[in-house]
Every structure is written in C-alpha cells, then in structure tokens.
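Trainee:
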Amino acid sequence: MDQNEMDLKDDISVIEDLDKTIHTLVELRKRLTKKTGQQKGVVSMTKFLDMLRKDMPSFKNIVNELERFRIENNFDGVVINAGLYGIEEPQTNVWWTVVNPIDNLLAKDVDVSSLFDILANQTRLQFLKFLTMGRKTYSEISEHLQIRGGGFAHHAMPLLRMKCIEKEGRGTYGITELGWEVLVSVLSLATRIGNA
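Okay, structure coming up:
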C-alpha cells in the first residue's frame, strides 16, 4: 500500500468517525427533545451544547480528529462545514460534512463575484428556503414567491446551474445538499454580521 492509499484510508476513517458522531448527535437530540417535552427542539442551544459536552464524549472527538488530521498533514488549520436537519413528515435527514485545509482555501485565487451575484437576491434565498420544506411543483413555488414565467426562470436557472436545486420530471423542484450548505452558510454569515 503506497502513501496515497494510506492517506486516503486515514481520510475515510476520519469521515466515518464524523458520520458516527453525527448519528450520535441525532439520537441524543431525539432523547433530549423527548425529555424536555419540546416537539421542535431544545429551548436553549447553550443548555443543549452543555449537555452534549457532559453526556457525549464523542462530541470532543470531532475536535480531536480535526486536530490529528491537521497535524498529520502539516496544515496550519482546517475548517469543517457540517449541517444536520431533520424533517418529520416525510422523515428526512439532510447532512453533510466537508473538511478543508484553510491553507488550501487561502491559496486559491477564486472569483466569487458571480456566486454573490446569484445569492444577493432575496427571492432566490426565499426559493431555497421554501424547498427546505420538501419538493415543490412549479405552481407551488410560483404561488409562494409570486413569480411566473420569465420571472420564475430568472431565479430558477442560476440555482440549477449552481446545483443548489434540482428539477425532476416536468416541474418538480428540490433543494440539494449543496443547496442546503449554501443557504445555511449565507444565512449564518448574515446573522453573525448582523449581530456584530
């Protein structure tokens, strides 16, 4: 087994560990939600995180695994983007984990202007938000957003090109995992800047 294969095996092991941790988080959240009597979540996120630190040692494993990954690969830093969202009807769990060396991200010369042109539009963000509730037809989206014909295509086409949404059949649209990541990242950043 050469070095590349060994590195790939280690990376797969890190992903598997993260997946197990995410699964444990889901199960713990279900138990805590039932325990507190809250149907849609735990009242205080601070309390929730405190419970995680106390009740679930594997929560710390995320930090340990990222630090190990950083040191073994001689990176100055790593960033993890992760998300988890559960919808009860129909039962759906959306999640993703992406680990990137910060050094590599900073070294890339990327033109983000077209990305922000697409996302700097409230209607497109509402389009993505609406699809978080499940797949929707052209008619449902048009009615919800009050856009039709060319206006609909003006907003749908850039999101389709970015692979943030996908179209099935003759007009059923759904949000992709990339769409979830983009939407949540943009809203998180906007919220943090707004609260600064």
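Residue numbers (numbering that gives the first Met the number 0): 0 to 195.
Glycine is no exception: its CB is placed at the ideal position from the N, C-alpha and C atoms.
Values in this document were obtained by computation on a predicted structure and should not be read as measured data.
By the 10 Å Cβ neighbour count, where 16 or more other Cβ atoms means buried, how is Val-78 classified, buried or exposed?
Mentor: With fewer than 16 other Cβ atoms within 10 Å, it is exposed.
Trainee: If you draw a straight line from the alpha carbon of Arg-69 to that of Phe-115, how long is it in whole angstroms?
Mentor: One C-alpha to the other measures close to 30 Å.
Trainee: I'd like to check one pair, Leu-124 with Val-98: are the Cβ atoms closer than 8 Å?
Mentor: No, the Cβ-Cβ distance between Val-98 and Leu-124 is not below 8 Å.
Trainee: Which term fits Val-111, buried or exposed, when burial requires 16 or more other beta carbons within 10 angstroms of its beta carbon?
Mentor: Under this definition Val-111 is an exposed residue.
Trainee: Alpha carbon to alpha carbon, how far is Lys-166 from Ala-155? Give it in angstroms, no decimals.
Mentor: Approximately 10 Å between the Cα atoms of the pair.
Trainee: With which residues is Asn-120 paired in a DSSP beta bridge?
Mentor: Answer by DSSP bridge pairing: none, since Asn-120 is not bridged.
Trainee: Given a cut-off of 8 Å, decide if Tyr-172 and Ile-140 are closer than it, judged by their beta-carbon atoms.
Mentor: It is a contact, given that the beta carbons lie within the stated cut-off.
Trainee: Tell me, please, which residues DSSP counts as bridged to Ile-79.
Mentor: Answer by DSSP bridge pairing, in chain order: Val-98.
Trainee: Considering only DSSP beta bridges, list what Ile-174 is partnered with.
Mentor: Looking at the DSSP assignment, Ile-174 forms a beta bridge with Ile-164.
Trainee: Taking 8 Å as the threshold (C-beta atoms), are Leu-127 and Gly-193 in contact?
Mentor: Contact flag unset, no.
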